[in-house]
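Protein sequence lines correspond, in order, to chains A and B. Final position of the first sequence in our numbering is 588; the numbers increase by one with none missing. Final position of the second sequence in our numbering is 467; the numbers increase by one with none missing.
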Amino acid sequence: MNTKIGESRGDRIFTVCNYIFLSLLVLSVLYPLIYVLSASLSSTNAVASGRVWLFPVEFSLLGYKTIFEYSKIWTGYGNSLFYMVVGTTVNVVLTILAAYPLSRRDFYGRGIFMFLFVFTMMFNGGLIPNYLLVQDLGLLNSRWALIIPNALSVFNVIITMSFFKSTIPNELLESAQLDGCNDFKFLFKVVLPLSAPIIAVISLFYAVGHWNSYFSALIYLRDASLFPLQLILRDILVQNSVDPSMMGDATQLANKIGLQQLLKYSLIVVSSLPVLIAYPFVQRFFVKGVMIGSLKG
Amino acid sequence: MNVTGVVENKSTISEVKHKTKKKLLTKIKKSWQLYVLFILPLMYIIVFHYYPMYGASIAFKNFDPVLGIGGSPWVGFEHFKKFFESYDFVRVLKNTLGLSLYSLIAGFPLPILLALSLNYVYSKRFKQAAQLITYAPHFISVVVMVGIIFMILDPRGPLNNLLSLFGVKEGINFMGEADYFKSIFVMSGIWQNVGFGCIIYLAALTSVSPELHEAAIVDGASKIRRIWHVDIPGIMQTAVLVLILNMGSFLDTGFEKVLLMQNPLNLSASQVIDTYVYNVGLVSALPQYSYAAAIGIFKSLVAFILIIASNKLAKKVGQDGLW
Chain A
292 MNTKIGESRG DRIFTVCNYI FLSLLVLSVL YPLIYVLSAS LSSTNAVASG
342 RVWLFPVEFS LLGYKTIFEY SKIWTGYGNS LFYMVVGTTV NVVLTILAAY
392 PLSRRDFYGR GIFMFLFVFT MMFNGGLIPN YLLVQDLGLL NSRWALIIPN
442 ALSVFNVIIT MSFFKSTIPN ELLESAQLDG CNDFKFLFKV VLPLSAPIIA
492 VISLFYAVGH WNSYFSALIY LRDASLFPLQ LILRDILVQN SVDPSMMGDA
542 TQLANKIGLQ QLLKYSLIVV SSLPVLIAYP FVQRFFVKGV MIGSLKG
Chain B
145 MNVTGVVENK STISEVKHKT KKKLLTKIKK SWQLYVLFIL PLMYIIVFHY
195 YPMYGASIAF KNFDPVLGIG GSPWVGFEHF KKFFESYDFV RVLKNTLGLS
245 LYSLIAGFPL PILLALSLNY VYSKRFKQAA QLITYAPHFI SVVVMVGIIF
295 MILDPRGPLN NLLSLFGVKE GINFMGEADY FKSIFVMSGI WQNVGFGCII
345 YLAALTSVSP ELHEAAIVDG ASKIRRIWHV DIPGIMQTAV LVLILNMGSF
395 LDTGFEKVLL MQNPLNLSAS QVIDTYVYNV GLVSALPQYS YAAAIGIFKS
445 LVAFILIIAS NKLAKKVGQD GLW
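In structure tokens:
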């Protein structure tokens, strides 16, 4: 597409401008992340007086130490892990159960079922009817309130269905049927082993969704021992309410304010770490997912 | 004779009917296992998506928990009237439309620019690094995102430090000013999603035929000209599609984020339909379920009109719509 030789002056200027533009953009995306990381590694004093710009000032791990001693955060971490693992498992199983029949041309009534599913993407009952339903089912203030009402995403069903359609050839099904293979067997022995990429994609979509969500927990849960990490973060980061017992021996007011600030930075790092560490390795799956999704429109 | 003929005719008709019925049954029987697989997801959809649609009928009733959804008395459009006549109506609607439109327009061009720019980077390493970094914020949770916003904009935070270099003496309390709310919301949204939004355009750019570029190069077109005459027409279809899809979720714009960023000082700019429903329906000491549900229905209706209208518009400007 490009030959370095014979590049005109205008094009060279363009290339330089392009690199400058991109570098500026990348830096402006990166800066807040670096700032938070550096601040989390600085001393309370440096944070409170706003002396942190780019690198940690007066390096200290006090923020992390305080977090490690705060049990509420670990309960939240554990809860979030539970919601993520159990929720994602339920999600993936249900998604495959829905997507496979819908991908089969000989599934009688497919059109109607498909319409029933897609229609829910455009219309929903709204917040209040959903809340009343969860209440009527007796799920309020239980772990299942975060898992069952979000058991399936129609968008992911569509992605998975189009993957099945495009990668499992009809001939394969026919020859398996000639050999006396039934639909259950075909799904488990043939389709699933061929579907690792799409299972990876939807698992990631679901898992990140569970890990990052707070709103369902906010409206459905009352008991603090069930709270996921994001809800505990909300109290500390957004509502600014810090449990005084968390502060330990920071007696002076100035110290307290500094520690409160510092804690927030460390908390952000600790809570986002699992996702951000895993992310470069799974990035291509996400990109793939967006592609498959966009092909279907 | 005649009579028996009719009888015969009738019997063949019923036989044919019987046969088609039988055919259908055998069809279903043959793939009964597919139906077994499908039962659970179907039940989920009916219970958690269609039942709440029925539940939304409380918008036309005076919902009483004791009587239930079916038993509560009908009141017609009373709750809608109440909402339209209320002092909040204009403000909430204005905020919702304003915030959505602002995000839609401001968030639209930058991912395209980024994709075009990445497309002309020939160093593979630089390109990968740029993609890795710009995609990353997408995976930060809303709560953490709002936490970062608060810190950066803190009266003693880095932005105010920067401003003080330019002679702004007092730290500005950005989150406390209603005027700044919309811009903060939109800018931070762009920061978080510009990278991820560009993926789809990058894909569209790879499908632009290289022959077109070669021909353009032979004709002596500069890179700028090639972007303008080859690349942009090549991604036009995708851009329109993205715009329509965004229109569909237009009014949902980051409700969870708005809710977190809301405080009494910026409420006049940050109260949108969804947060209003939440506040009226679930937070207040006297939850007004029916009233909140009516507002929710009003929102769905506006959203539906918007998606139909944008689809029509796309067709009018010569692009394929969604349907």
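Quick reminder that beta carbons are idealized off the backbone N, C-alpha and C, glycines included. Quantities reported herein were computed from a predicted structural model and do not represent experimental measurements.
At a beta-carbon threshold of 7 Å, the residues of chain A lying near B/Asn-305 are Gly-341, ordered along the chain.
In the three-state reduction of the DSSP assignment, B/Lys-166 falls in the helix class.
Residue-level contact by beta carbon holds for B/Leu-181 and chain A, with a gap shorter than 8 Å. At a cut-off of 8 Å, the C-beta of A/Leu-332 has no neighbouring C-beta in chain B.
A/Val-377 has a beta carbon lying at 8 Å or more from every beta carbon in chain B. Neighbours of A/Val-317 across chain B, judged by C-beta separation under 7 Å: Ala-274, Ile-277, Thr-278. Sequence-distant Cβ neighbours of B/Asp-418 in its own chain, meaning closer than 6 Å and more than five residues away, are Phe-399.
When the alpha-carbon of A/Ile-438 is set against those of A/Trp-365, A/Phe-479, A/Ser-329, A/Leu-512, the nearest one is in A/Leu-512. Between B/Leu-387 and the set B/Leu-178, B/Ser-247, B/Phe-224, B/Val-290, the nearest pair of CA atoms involves B/Ser-247.
Between A/Ser-562 and B/Val-290, the C-beta spacing is not below 8 Å. In the structure shown, B/Lys-443 adopts helical secondary structure according to DSSP, grouped into three states. Around the C-beta of A/Asn-531, fewer than 16 other C-beta atoms lie within 10 Å, and the residue is accordingly described as exposed. Approximately 6 Å separates the beta-carbon atoms of B/Gly-440 and A/Leu-418; this is inside 8 Å, confirming the contact. Between the stretch 211-230 of chain B and the stretch 420-439 of chain B, the count of C-beta pairs closer than 8 Å reaches three or more; the two stretches touch. For the options A/Leu-495, A/Leu-313, A/Phe-506, the alpha carbon positioned closest to that of B/Ala-259 is the one of A/Leu-313.
Taking CB atoms only, A/Asn-461 has no neighbour in chain B less than 8 Å away. Along the length of the stretch 160-230 of chain B, whole beta strand (DSSP E) runs at least 3 residues long do not occur. In the same chain as B/Ala-348, and ignoring 5 residues on each side of it, the C-beta atoms closer than 6 Å to its own belong to Ile-379, Thr-382, in chain order. Here DSSP, grouped into helix, strand and coil, assigns A/Pro-392 to helix. In this structure, A/Phe-518 sits away from A/Asn-382, with a CB-CB distance that is not shorter than 8 Å.
Proximity of B/Ile-189 to chain A, defined by a Cβ-Cβ separation below 8 Å, is satisfied. For A/Cys-308, the enclosing alpha helix (DSSP H) starts and ends at 300-331.
A direct Cα-to-Cα measurement between B/Phe-318 and B/Leu-404 gives close to 15 Å.
Interface residue (Cβ-Cβ distance to chain A less than 8 Å): B/Ile-379 is not classified as such.
Distance from the CA of A/Val-317 to the CA of B/Ala-274, rounded to the nearest whole angstrom, comes to 6 Å. It is roughly 15 Å from the alpha-carbon of A/Asn-432 to the alpha-carbon of A/Asn-421. With a threshold of 8 Å between beta carbons, B/Glu-400 makes contact with chain A. Selection B/Leu-257, B/Leu-409, B/Phe-329 evaluated against B/Ile-344 yields B/Leu-257 as nearest (Cα-Cα).
Secondary structure within the stretch 486-541 of chain A: the alpha helix (DSSP H) runs of 4 or more consecutive residues, fully enclosed, are 487-503, 506-511, 520-524 (chain order).
Taking 8 Å as the cut-off, the beta carbon of A/Ala-337 is found no closer than this to the beta carbon of A/Val-327. Taking 9 Å as the cut-off between beta carbons, the residues of the stretch 507-518 of chain A near chain B are Leu-509, Ile-510, in sequence order. Listed by position along chain A, the residues whose Cβ is nearer than 7 Å to that of B/His-223 form an empty set, because the closest Cβ is around 11 Å away.
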